[in-house]
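Residue numbers (the working numbering): 227 to 311.
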């Protein structure tokens with residue numbers, strides 16, 4: 227896109243931390259909070275990559291898949307009682 231920006235170091239770190247959080251053991255204390263933070267990070271990254279950043283369609287798909295996985299993991303932790311977003 228014309229005028230699109232490159233991801234900053236902060237953007238890259240946000241995405242890396244979000245993907246790393248997907249490896250959290252659901253049985254570990256605090257896992258839900260970690261995954262909720264990852265879901266939020268994916269949502270913010272998606273907004274950036276669909277907005278001002280130069281993100282490929284593949285980048286955007288991977289971010290959406292990551293967010294979906296975070297939501298699935300949260301849903302599993304809550305026994306299917308995850309609040310609607």
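Quick reminder that beta carbons are idealized off the backbone N, C-alpha and C, glycines included.
Name the one or two DSSP bridge partners that residue i has.
| i | result |
| --- | --- |
| residue 279 | 231 |
Can the beta-carbon of residue i be found less than 9 Å from the beta-carbon of residue j?
| i | j | result |
| --- | --- | --- |
| residue 267 | residue 241 | yes |
| residue 275 | residue 286 | yes |
| residue 247 | residue 264 | yes |
| residue 280 | residue 230 | yes |
| residue 262 | residue 298 | no |
| residue 260 | residue 250 | yes |
| residue 252 | residue 302 | yes |
Return helix, strand or coil for residue i, following the three-state DSSP convention.
| i | result |
| --- | --- |
| residue 284 | helix |
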